[in-house]
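In what follows, a structure is listed as structure tokens, so that the remarks can point back to it.
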Amino acid sequence: MEASTFGTNDLEEYLLRHSSAEDSLLYELRRHTHLTNLHPRMLCGPTQGKLLELICFMFKPSRVLEIGTYTGYSAICMAKGLNLGAELHTIEINDEVCDTAKEFFTKAKLDKVITLHQGDALDIIPKIEGDFDLVLIDGDKRQYPQYLKVILPRVRVGGIILADNVLWGGKVLLKQPDDSFTKGVVDFNKMVAENDKLDKVLLPLRDGLSIIRKQFE
Ligand SMILES: C[S@@+](CC[C@H](N)C(=O)[O-])C[C@H]1O[C@@H](n2cnc3c(N)ncnc32)[C@H](O)[C@@H]1O
12 MEASTFGTND LEEYLLRHSS AEDSLLYELR RHTHLTNLHP RMLCGPTQGK
62 LLELICFMFK PSRVLEIGTY TGYSAICMAK GLNLGAELHT IEINDEVCDT
112 AKEFFTKAKL DKVITLHQGD ALDIIPKIEG DFDLVLIDGD KRQYPQYLKV
162 ILPRVRVGGI ILADNVLWGG KVLLKQPDDS FTKGVVDFNK MVAENDKLDK
212 VLLPLRDGLS IIRKQFE
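Here you go:
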């Protein structure tokens, strides 16, 4: 199996063949995650990972926050796009995946750039000092509305919030969502859509990615 196409379907393979190649360390992490974790699909993958890297490269955030590290794939992608001196804080509640994330942050020589906080994002965020230029929300879907409430005052004016899985496998289209995960995502999308302070676009990339800009306080 070709290295860059491991664990993907035909469309993803086509996207990958026409994008920059995934670097060998990210491939190793993705493979390791598939071999050793129960839900490897949670990892954002090469196409979205490259987009995250390029967004960081274009936007040049000095301080980045990620909710939901998992094995560290998206954190490494974002950190690769950061300027020298920038910092990335990432929060993970499941300590079983934190060793892998730490191991790969070190392998990627990004352990000075990325700080991994173990615990519940809703407890940890108030303990991290300072505001953020860019936040990636990729934690528990049921908590998306709470994440938004907690991070909005902490994102600087002009800052960006990215939210992953905002289509939740298409379940956001259900007339009456019957599970708390879908409800969390639906409520989050509604909160974002109805907030005039936020400029936003919801893209059908993978499981849905929202790009949200805080226009004013
Ligand atoms: C979709 S995965 C993150 C994938 C990762 N961003 C990537 O693309 O490689 C979601 C992660 O959020 C974590 N999580 C869930 N609730 C959380 C919380 N309240 N605080 C911090 N992390 C949480 C889960 O344990 C899981 O590892």
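Position one of the sequence shown corresponds to residue 12 (the numbering used here), numbered consecutively onward. We put the CB at the ideal spot given by N, CA and C, even for glycine. Since the model is a prediction, treat every value here as computed from it, not as a measurement.
I'd like the list of long-range same chain contacts for residue 210, defined as Cβ closer than 6 Å, with 5 residues on each side in sequence excluded.
The residue given as residue 210 occupies position 199 in the sequence shown. Closer than 6 Å at Cβ, skipping near neighbours: 224, 226.
In the DSSP assignment, the alpha helix (DSSP H) including residue 197 goes from what residue to what residue?
Walking along the sequence shown from the start, residue 197 turns up at place 186. Where residue 197 is concerned, the enclosing alpha helix (DSSP H) starts and stops at 191-205.
Identify, in the order they occur along the chain, each residue of the same chain with its Cβ nearer than 6 Å to the Cβ of residue 93, setting aside the five sequence neighbours on each side.
Position 82 of the sequence shown, counted from the start, is the residue given in the question as residue 93. Contacts found: 67.
Measure the beta-carbon distance from residue 148 to residue 112 and round it to whole angstroms, keeping in mind my assumption that it falls under 8 Å.
The residue given as residue 148 occupies position 137 in the sequence shown. The residue given as residue 112 occupies position 101 in the sequence shown. With a Cβ gap of about 17 Å, residue 148 and residue 112 do not count as contacting.
Measuring alpha carbon to alpha carbon, tell me which residue in 199, 31, 161 is nearest residue 153.
Counting from one through the sequence shown, the residue named residue 153 turns up at place 142. When each option's Cα is compared against that of residue 153, the closest is 199.
Check whether the stretch 115-124 and the stretch 48-56 touch, using three or more Cβ-Cβ pairs below 8 Å as the test.
Touching, no, given that fewer than three Cβ pairs across the two stretches are closer than 8 Å.
Rounding to the nearest angstrom, what Cα-Cα distance links residue 42 and residue 228 in this structure?
As a position in the sequence shown, residue 42 is number 31, starting the count at 1. As a position in the sequence shown, residue 228 is number 217, starting the count at 1. Roughly 42 Å between the two C-alpha positions.
Roughly how many angstroms separate the alpha carbons of residue 214 and residue 35, rounded to a whole number?
In the sequence shown, the residue the question calls residue 214 occupies position 203. In the sequence shown, the residue the question calls residue 35 occupies position 24. For residue 214 and residue 35, the distance between alpha carbons rounds to 28 Å.
On a CA-only basis, which of 165, 114, 110 is nearest residue 133? Give me that one, please.
Here residue 133 is taken as the residue at index 122 of the sequence shown, counted from 1. The shortest C-alpha separation from residue 133 is found at 165.
Would you check if there are 3 or more beta carbon pairs closer than 8 Å linking the stretch 186-201 to the stretch 22-35?
no
Return the bridge partner residues of residue 126 from the DSSP annotation.
Sequence index remark: in the sequence shown, residue 126 carries index 115 (1-based). BP columns for residue 126 point to 100.
Rounded to whole angstroms, what is the Cα-Cα separation between residue 212 and residue 63?
For the purposes of this step, residue 212 is identified with residue 201 of the sequence shown, where counting begins at 1. For the purposes of this step, residue 63 is identified with residue 52 of the sequence shown, where counting begins at 1. When rounded, the separation of the alpha-carbon atoms in residue 212 and residue 63 is 15 Å.
Looking only at its own chain, which residues have a Cβ that is under 6 Å from the Cβ of residue 239, when we skip the five neighbours before and after it?
Shown here, the chain extends from 12 to 228; a query on residue 239 therefore has no answer.
If residue 172 and residue 146 are in contact, beta carbons under 8 Å, what's the gap, nearest whole angstrom?
Along the sequence shown, one-based indexing puts residue 172 at 161. Along the sequence shown, one-based indexing puts residue 146 at 135. Yes, residue 172 and residue 146 are in contact; Cβ-Cβ is about 5 Å, under 8 Å.
Do residue 108 and ligand 1 come close, with the Cβ less than 8 Å from some heavy atom?
Residue numbering aside, residue 108 sits at position 97 when the sequence shown is read from its first letter. Correct: residue 108 has its Cβ closer than 8 Å to ligand 1.
In three-state DSSP terms, what is residue 71?
Locating residue 71 in the sequence shown gives position 60, where the first residue counts as 1. Looking at residue 71 - three-state DSSP - the assignment turns out to be coil, as it is neither helix nor strand.
Would you grab the beta carbon distance between residue 178 and residue 219 for me? Rounded to a whole angstrom, and I think it's under 8 Å.
As a working mapping, residue 178 is identified with position 167 in the sequence shown. As a working mapping, residue 219 is identified with position 208 in the sequence shown. Sure, about 3 Å apart at Cβ, within 8 Å.
Grouping DSSP H, G and I as helix and E and B as strand, with all else coil, what is residue 165?
As a working note, residue 165 is residue 154 in the sequence shown. It is helical.
Please report the residue range of the alpha helix (DSSP H) in which residue 91 lies.
To locate residue 91, count along the sequence shown from 1; it is residue 80. From DSSP, the alpha helix (DSSP H) with residue 91 extends over 84-91.
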